Amino acid sequence: MKISRRDFSKAGLSALSLAAIGAPAMAGPEHLLRKPIPSSGETVPVIGLGTNRYGVGDDAAKRAVLKESLARFHALGGTVIDTAPMYRSSEVVLGDLIADLGIRDDLFIATKVDEDAGGDATHAQIKESMRRLKTDTLDLLQVHNLIAWQDALPVLREWKQEGKVRYIGITTSRARQYEEFEKIMRQEELDFIQINYSLEQREAARRILPLAVDRGMAVMINRAFGGGRIFQKVGDQPLPEWAKDFGCNSWAQFLLNYALGHPAATLSIPGMTKVHHVDDNFGAAHGNLPDAAQRKRQEALFDAL
Ligand SMILES: NC(=O)c1ccc[n+]([C@@H]2O[C@H](COP(=O)([O-])OP(=O)(O)OC[C@H]3O[C@@H](n4cnc5c(N)ncnc54)[C@H](OP(=O)(O)O)[C@@H]3O)[C@@H](O)[C@H]2O)c1
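FYI, the numbering for the sequence shown is 18 to 322, going by this note's numbering.
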């Protein structure tokens, strides 16, 4: 079944439900905040989809829940999906769900390589990812956690030159890798970096994020919720009134807006397996992003929690 983005009513998205998630009434995908990829100028919506919890194998009930979330992500205008061979069966599950929904052409699919052996093993892994994802091209291919990056990057460049991969990059979510990450950013031509950045873990803003701006690299933010842990910290405390100044209606939007408000950030890829989380997080892609002074206020509030 091919789902049309214009089919808002079929996705259950009335003006009322949009208002409930903090989006301006009647705001559709055409009103989503988008940012440019510096190496091409192509723009992408600021909210993508993280899928490290999509490895549910053949479990039909779990697949049905994920299919609903993916359909809503697409209906709301989402395009960028981040996955990896390391995420158990996620690539297979995504490949099946994307084919079922008939939405491949609307998506920007990012996956990763993590082959220690490099060379032929990396080529084989990329082919296998494409088979699982049921696609002939990948939008972004990243070296996962810098694993064997010296061997992997030349392979990624070959695929890019052949036109089968559009963008290449590197990823981490570990501060202990930042020094090496920075060194690679300085010496290699990359379209994207992917890194952890949140109100809880701000270290990337010290050197890596400014360097990404200098080097013209797009920044994909992972773990803006600290894997979900940050929600325990905020608990059921009310949002400050001033969060409304930048259109923020939930703690998830508060956290995403903080990360996306950094001038280097291109998009964030929250992990979301539930429809109501997709709805909530897309609220962060409507309205304004916090400016430097508002972000400082967010930090002070978070530190005092
Ligand atoms: N080195 C790397 O390359 C690397 C490392 C880490 C992550 N990543 C990528 O980044 C993505 C994001 O990281 P992550 O998933 O570990 O952490 P995350 O995005 O910080 O947190 C995801 C968790 O937050 C929950 N959540 C999502 N939206 C919510 C909302 N509106 N309200 C309350 N809870 C909400 C999710 O629940 P539900 O699942 O129940 O919706 C899930 O438990 C990954 O999926 C992966 O694609 C890459």
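Here a beta-carbon is modelled for each residue, glycine too, at the ideal position from N, C-alpha and C. Since this is a predicted model, take the numbers as computed values, not measurements.
Kindly indicate which three-state DSSP category K257 falls into: helix, strand or coil? A quick correction: the sequence has Pro, not Lys, at residue 257. In the structure shown, P257 sits in coil (DSSP, three-state: anything other than H, G, I, E or B).
Residues near ligand 1, CB to any non-hydrogen atom under 6 Å, in chain order? G67, T68, N69, R70, D99, H161, N162, T188, T189, S190, Q211, N239, R240, A241, F242, G243, G244, G245, F248, A269, I286, P287, G288, M289, T290, K291, H294, D297, N298
When you compare the CB positions of M234 and L66, do they come within less than 8 Å of one another, or not? no
Identity of the residues DSSP links to V212 by a beta bridge: A quick correction: the sequence has Ile, not Val, at residue 212. In DSSP, I212 forms a bridge with I238.
Within 10 Å of its beta-carbon, does N305 have 16 or more other beta-carbons around it, so buried, or fewer, so exposed? exposed
Three or more beta-carbon pairs under 8 Å between the stretch 202-221 and the stretch 262-270, yes or no? no
Answer yes or no: the CB of E206 versus the heavy atoms of ligand 3, is any distance below 7 Å? For ligand 3, the structure offers nothing, since it holds only ligand 1.
Roughly how many angstroms lie between the CA atoms of G186 and L150, to the nearest whole one? 19 Å
Inter-residue CB distance, M237 and Q211 (contact presumed, cutoff 8 Å): 4 Å
Length of the line joining the Cα atoms of K144 and I247: 37 Å
Would you mind reading off the limits of the beta strand (DSSP E) that contains F263? Where F263 is concerned, there is no enclosing beta strand (DSSP E), given that its DSSP letter is neither H nor E.
Please go through the stretch 96-182 and give each complete beta strand (DSSP E) segment of 3 or more residues, from N-terminal end onward. 97-99, 125-130, 155-160
Beta carbon of R183, beta carbon of L157: below 8 Å? yes
Own chain residues within Cβ distance below 7 Å of W166, not counting five before or after: V160, I187, I201
Distance CB(K129)-CB(P171) smaller than 8 Å: no
For W176 and D320, the rounded distance between their alpha carbons: 44 Å
Ends of the beta strand (DSSP E) at R51? 51-53
Indicate whether A302 and L50 have their beta-carbon atoms separated by less than 8 Å. yes
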